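Below you'll find the structure, written out as structure tokens, and then a few comments.
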Amino acid sequence: MAKLVLVAGVPHPPRLVYEMAQSPGKMKGEGLMKQVREQVEKAAPDVIFEVDSDHFVNFFYNLLPSFCIGMAEEAQGPQETWCPMPRYVIKGHVPMAKALFQYGVHDKFDLSAAHELRPDHSLMVPLHFLNPGMELPVIPIYTNGFASPLPLATRCFSLGRMLRRFIDAWDGDERVAIIASGCFAMDVGGPLRGWTDNQWVDTISKQLVKGQYQSLARHATEDRINHAGNNSGELLNWITVTGAVGKTKPLFLENDEGSGYAVWKFE
Amino acid sequence: MSVYQVNKLLYMTDNDPAFRKRMKEEPEAALSDFRLTAEERDALTTGSVGKLYQMGVHTFLLNHLSRYELFGVNRDNYLDKIREGMDYDPRFEEGKMPMQYFIKQEQ
Chain U
1 MAKLVLVAGV
11 PHPPRLVYEM
21 AQSPGKMKGE
31 GLMKQVREQV
41 EKAAPDVIFE
51 VDSDHFVNFF
61 YNLLPSFCIG
71 MAEEAQGPQE
81 TWCPMPRYVI
91 KGHVPMAKAL
101 FQYGVHDKFD
111 LSAAHELRPD
121 HSLMVPLHFL
131 NPGMELPVIP
141 IYTNGFASPL
151 PLATRCFSLG
161 RMLRRFIDAW
171 DGDERVAIIA
181 SGCFAMDVGG
191 PLRGWTDNQW
201 VDTISKQLVK
211 GQYQSLARHA
221 TEDRINHAGN
231 NSGELLNWIT
241 VTGAVGKTKP
251 LFLENDEGSG
261 YAVWKFE
Chain A
1001 MSVYQVNKLL
1011 YMTDNDPAFR
1021 KRMKEEPEAA
1031 LSDFRLTAEE
1041 RDALTTGSVG
1051 KLYQMGVHTF
1061 LLNHLSRYEL
1071 FGVNRDNYLD
1081 KIREGMDYDP
1091 RFEEGKMPMQ
1101 YFIKQEQ
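One line per chain: the protein sequences are U and A, in this order.
Residue numbering for the first sequence follows our numbering, beginning at 1 and increasing consecutively.
Residue numbering for the second sequence follows our numbering, beginning at 1001 and increasing consecutively.
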């Protein structure tokens, strides 16, 4: 039986990679990312599920699933030429990804699957920090965080619960980590660029710390998410992973620039 | 409305290096590959980000106009441009988040 050993949530600002390389030790996010990384190292996972929303690099309106499992044997990213960070090859875990696809469909989740991937910065920035050398296989789980209509947050929560059931039932001895990639509230490229909806960040953070995950999922409507800025649908990735944590409360949750850094541990 | 076509050409600008080159070197000809309304074409070629936003072009894709400096749009004027035609919102004044970094040159 596989074992869930860690769940984490982190944002994916490319500028963090860039600024840490230019002048280390200056950004709060650097320390927080290191804090998360230490916990990942201690938990020593064998495989990472990363819940992420593609930013119109892997998917576009021509074909845009609400939920999609990444099944590629390997993939290169980030694909965006503007993104100031190193390029990597990540490897997948095809048997486990295929089994999750089948398990999910039989559990009434009409999932999609992608055998080729073009990872963007949102998938790669967390891995740059949390999967050094890209040694661990990664199974991306994409949620549609940006192209309306978004999947319901309550449905994302259920997806996370299904993921947990799958991991607990998986006939292998892998130690599993789940990572949510994304911010709580942010606007990039929209008319509110630069503004942070601190009220929403506080609401999210308090509910996460108290373990009120279902309540958070009920509050996170598309209207509320949109009010917080065009990037704020990434919260759905956090809500998805809270579906997998059960009643466990986070070991820590810290905020920075409209985002959260959090870790849940299970042993 | 064919706003899909506007989204598509912006998506291709970011993801297809050959098309991006055409958008930089011969933008008018590059646009002719797409079924655009006169209004959409005009809004693009005049860099009217606000109009495109009102038409429903996705903001992530719209941002590529500033990222790749097309039709007179750049990082410095993008925010003013997208707000053209919008009612004043006090949140406009509250921006404290730093901007993203872009690598301008092709790799």
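From the three backbone atoms N, C-alpha and C, an ideal C-beta is built for every residue, glycine too.
Treat the numbers as computed from the prediction; the structure is a model and nothing was measured.
Query                                                                                                                                                                             : Result
Tell me the rounded alpha-carbon separation between residue 186 of chain U and residue 169 of chain U.                                                                            : 37 Å
Report the residue from A:1016, A:1095, A:1008 and A:1002 whose alpha carbon sits nearest the alpha carbon of residue 81 of chain U.                                              : A:1016
Alpha carbon to alpha carbon, what distance is there between residue 1082 of chain A and residue 1038 of chain A?                                                                 : 20 Å
Against chain U, which members of the region 1082-1095 of chain A pass a CB distance test of less than 7 Å?                                                                       : 1082, 1083, 1086, 1091, 1094 and 1095
Applying the 10 Å Cβ sphere with the 16-neighbour rule, what's the burial state of residue 155 of chain U?                                                                        : buried
Along the chain, which unbroken stretches of the alpha helix (DSSP H) at least 4 residues long are found entirely within the region 179-237 of chain U?                           : 198-210, 213-219 and 222-227
Would the region 203-220 of chain U and the region 77-94 of chain U be scored as touching if the rule is three or more Cβ pairs under 8 Å?                                        : no
Taking contact to mean 3 or more Cβ pairs, one atom from each stretch, closer than 8 Å, check whether the region 60-79 of chain U and the region 25-36 of chain U are in contact. : no
Near residue 1009 of chain A, which residues of its chain fall below 6 Å by C-beta distance, leaving aside the five closest residues on each side in sequence?                    : 1034
Can you list the residues of chain U that residue 1074 of chain A reaches, using a CB-CB cut of under 7 Å?                                                                        : Per Cβ cutoff of 7 Å: no residues; residue 1074 of chain A is ~13 Å from chain U at best.
With a threshold of 8 Å between beta carbons, is residue 36 of chain U in contact with chain A?                                                                                   : no
So with CB distances below 8 Å, who are the chain U contacts of residue 1060 of chain A?                                                                                          : 55, 56, 146, 188, 189 and 230
Would residue 93 of chain U pass as a contact of residue 139 of chain U if the rule is Cβ separation under 8 Å?                                                                   : yes
What are the start and end residues of each continuous alpha helix (DSSP H) run of 4 or more residues lying completely inside the region 1024-1078 of chain A, in chain order?    : 1027-1031, 1038-1045, 1049-1055, 1059-1062 and 1064-1067
With a threshold of 16 other CB atoms inside 10 Å of the CB of residue 130 of chain U, please say whether the residue is buried or exposed.                                       : buried
Kindly indicate if chain D contains any beta-carbon less than 8 Å away from that of residue 238 of chain U.                                                                       : Here chain D cannot be found, since the structure's protein chains are U and A.
Beta carbons nearer than 7 Å to chain U: which residues of the region 1021-1045 of chain A have them?                                                                             : none
State buried or exposed for residue 63 of chain U, treating a residue as buried only when at least 16 other CB atoms are found within 10 Å of its CB.                             : exposed
So with CB distances below 7 Å, who are the chain A contacts of residue 30 of chain U?                                                                                            : Per Cβ cutoff of 7 Å: no residues; residue 30 of chain U is ~14 Å from chain A at best.
Suppose you measure from the CA of residue 247 of chain U to the CA of residue 237 of chain U; what does that come to, to the nearest Å?                                          : 18 Å
Give, in chain order, every unbroken run of the alpha helix (DSSP H) that is at least 4 residues long and sits entirely within the region 77-136 of chain U.                      : 94-106 and 121-130
Can you tell me where the alpha helix (DSSP H) holding residue 9 of chain U begins and where it ends?                                                                             : First-last for residue 9 of chain U: 3-10, but that is the beta strand (DSSP E), not the alpha helix (DSSP H).
Check this for me: beta carbons of residue 38 of chain U and residue 72 of chain U, under 8 Å apart or not?                                                                       : no
Does the beta-carbon distance from residue 128 of chain U to residue 86 of chain U come in below 8 Å?                                                                             : yes
Alpha carbon to alpha carbon, what distance is there between residue 101 of chain U and residue 112 of chain U?                                                                   : 8 Å
By the 10 Å Cβ neighbour count, where 16 or more other Cβ atoms means buried, how is residue 1 of chain U classified, buried or exposed?                                          : exposed
Whose Cβ in chain A lies nearer than 7 Å to the Cβ of residue 61 of chain U?                                                                                                      : 1004 and 1007
Taking 8 Å as the CB-CB cut-off, is residue 1052 of chain A touching chain U?                                                                                                     : no
At a CB-CB cut-off below 9 Å, which residues of chain A make contact with residue 272 of chain U?                                                                                 : One cannot answer for residue 272 of chain U here, as it falls past the ends of chain U, which runs 1 to 267.
Could you give the DSSP three-state label for residue 173 of chain U: helix, strand or coil?                                                                                      : coil
Name, please, each residue of chain U whose Cβ falls closer than 7 Å to the Cβ of residue 1079 of chain A.                                                                        : 193
Return the Cβ separation of residue 259 of chain U and residue 145 of chain U in integer angstroms, given the expectation that the two are a contact with Cβ distance under 8 Å.  : In fact, because the Cβ distance is near 14 Å, the residues do not count as touching under 8 Å.
Please classify residue 166 of chain U: does DSSP put it in a helix, a strand, or coil?                                                                                           : helix
Strictly under 8 Å for the Cβ-Cβ distance: is residue 234 of chain U near chain A by that measure?                                                                                : no
Is there a C-beta anywhere in chain A that falls below 8 Å from the one on residue 50 of chain U?                                                                                 : no
Which residues bound the alpha helix (DSSP H) around residue 16 of chain U?                                                                                                       : 14-22
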